[in-house]
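Worksheet for the structure shown next.
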Amino acid sequence: MINVGIIGGSGYTAGELIRILMYHPKVNIDFVYSTTNAGKPLSVAHHDLMGDIEMNFTAEINPNVNVVFLCLGHGKSISFLKENQFASHTKIIDLGNDFRLNKDAHFEGKDFIYGLPEINKAEIKKANYIANPGCFATAIQLALLPLAEHNLLNNDVHINATTGSTGAGVGLSETSHFSWRNNNFSHYKAFEHQHLGEISESLVQLQDDFDSELLFIPNRGDFPRGIFATLYTLCDDSLEQLVEKYEEFYKNEPFVTVTTTNINMKQVVQTNKCIISLLKKGNRVLITSIIDNLTKGASGQAIQNMNLMFGLEETTGLHLKPSGF
1275 MINVGIIGGS GYTAGELIRI LMYHPKVNID FVYSTTNAGK PLSVAHHDLM GDIEMNFTAE
1335 INPNVNVVFL CLGHGKSISF LKENQFASHT KIIDLGNDFR LNKDAHFEGK DFIYGLPEIN
1395 KAEIKKANYI ANPGCFATAI QLALLPLAEH NLLNNDVHIN ATTGSTGAGV GLSETSHFSW
1455 RNNNFSHYKA FEHQHLGEIS ESLVQLQDDF DSELLFIPNR GDFPRGIFAT LYTLCDDSLE
1515 QLVEKYEEFY KNEPFVTVTT TNINMKQVVQ TNKCIISLLK KGNRVLITSI IDNLTKGASG
1575 QAIQNMNLMF GLEETTGLHL KPSGF
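When you line the sequence shown up against my numbering, it's residues 1275 to 1599, in that order.
Here you go:
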């Protein structure tokens, strides 16, 4: 069994990790670390776990676990690792943004691999340290990678993507209160979202001359979870040619499905799936990409990475059912 520790255990991504890992056939949850809830049952923060798991939060870490998931706020993983040492055999998967960019990937002798399995699977299998991708970044990269593979990203890419309220984290803010978010819609960080850097690095990995603009408008939706992203750019390939390229690129990727039908977010919520829909109008291609921001966009992808790191089938524990109604 893989002994697992979770750091920052009271947040949304940690809750999602616990829900999936407690049914994972190869995992034992060793500890869930939370200084604010130490000694209290997990169900104090994650109400839906009541009756499913008898475990308390702790303020103590076990430095000898096989793998630790860091579910801390962005920028806090570095300070935590400086203050807490783990055994040399302990693998680390960071769900924050501290190590995602190439310039940040090397830390105190640790080399973090960018954990997008669809392009870095071979490296992930050999890795001890993983920087888990961002949620918007995952949806957008999966939409664009096949175009980059064929050097077809030669024009600006217009991106409009809406995420659920859980994407903002469990802490309260002005825009996360129910009275503000419900029946409301807004954008934020237009053209300068923090995920643009990691997206660009992955695209350059496949298309080394990529230098087009990613014109990204992120939106806040009035629903709790899911990402619905639409992207369009110029492309001379026919729809049939594009479908062939996308299906070939993802033929060995169990969580990515390509279609030409209209898709909706309920098809992926509470799963580790990404569904990509292609549409062609004249010389423009419209790509729609949908994921669950907490699962494929965070905790599910982290478990997918863990499976690869420990030599398991990457789908282990991740056969999750969406709720279509």
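Each residue gets a CB set at the ideal place from its N, CA and C atoms; glycine is no exception. Note that the structure is a prediction, hence the values are computed from the model and not measured.
Item                                                                                                                                                               : Value
Considering A1405, what are the terminal residues of the beta strand (DSSP E) in which it resides?                                                                 : Y1403 to A1405
What residue ranges within the segment 1380 to 1437 form continuous beta strand (DSSP E) runs of no fewer than 3 residues, ordered along the chain?                : 1403 to 1405 and 1431 to 1437
DSSP state of K1356, grouped into three classes?                                                                                                                   : helix
Taking the DSSP output, what are the residues bridged to G1279?                                                                                                    : F1305 and V1342
Grouping DSSP H, G and I as helix and E and B as strand, with all else coil, what is D1378?                                                                        : helix
Just the C-alpha distance for N1371 and T1504, rounded to the nearest angstrom, thanks.                                                                            : 23 Å
Tell me which residues share the same chain as Y1297 and place their Cβ nearer than 7 Å to its Cβ, disregarding the 5 neighbours each side in the sequence.        : G1591
Return the residue from the list H1461, V1532 and L1390 that minimises the CA-CA distance to I1577.                                                                : L1390
Beta-carbon separation of R1494 and R1455 under 8 Å?                                                                                                               : yes
Excluding sequence positions up to five away, which residues of its chain have a Cβ less than 7 Å from the Cβ of V1318?                                            : N1311
In angstroms with no decimal places, state the Cα-to-Cα distance between A1417 and R1374.                                                                          : 19 Å
I'd like to know whether the C-beta atoms of N1557 and C1409 end up nearer to each other than 8 Å.                                                                 : no
Over the uninterrupted beta strand (DSSP E) stretch that includes A1503, give me the two end residues.                                                             : I1501 to L1508
According to DSSP, simplified to helix, strand and coil, what is K1350?                                                                                            : coil
For Q1541, I'd like the list of residues in its chain whose CB is within less than 8 Å of its CB, leaving aside the five on either flank, ordered along the chain. : K1547, I1549, I1564, P1596 and G1598
Check the Cβ-Cβ distances between N1456 and every residue of chain D, and say whether any is below 8 Å.                                                            : The structure shown contains no chain D; it holds only a single protein chain.
Could you round the C-beta distance between F1584 and I1281 to whole angstroms and report it? I think they count as a contact, below 8 Å.                          : Incorrect: roughly 19 Å between the Cβ atoms, too far for contact.
Taking Cβ positions, are V1278 and N1340 nearer each other than 8 Å?                                                                                               : yes
Quick one: what does DSSP say H1461 is sitting in, helix, strand or coil?                                                                                          : strand
Would you report the Cα separation of L1323 and R1293, rounded to the nearest angstrom?                                                                            : 7 Å
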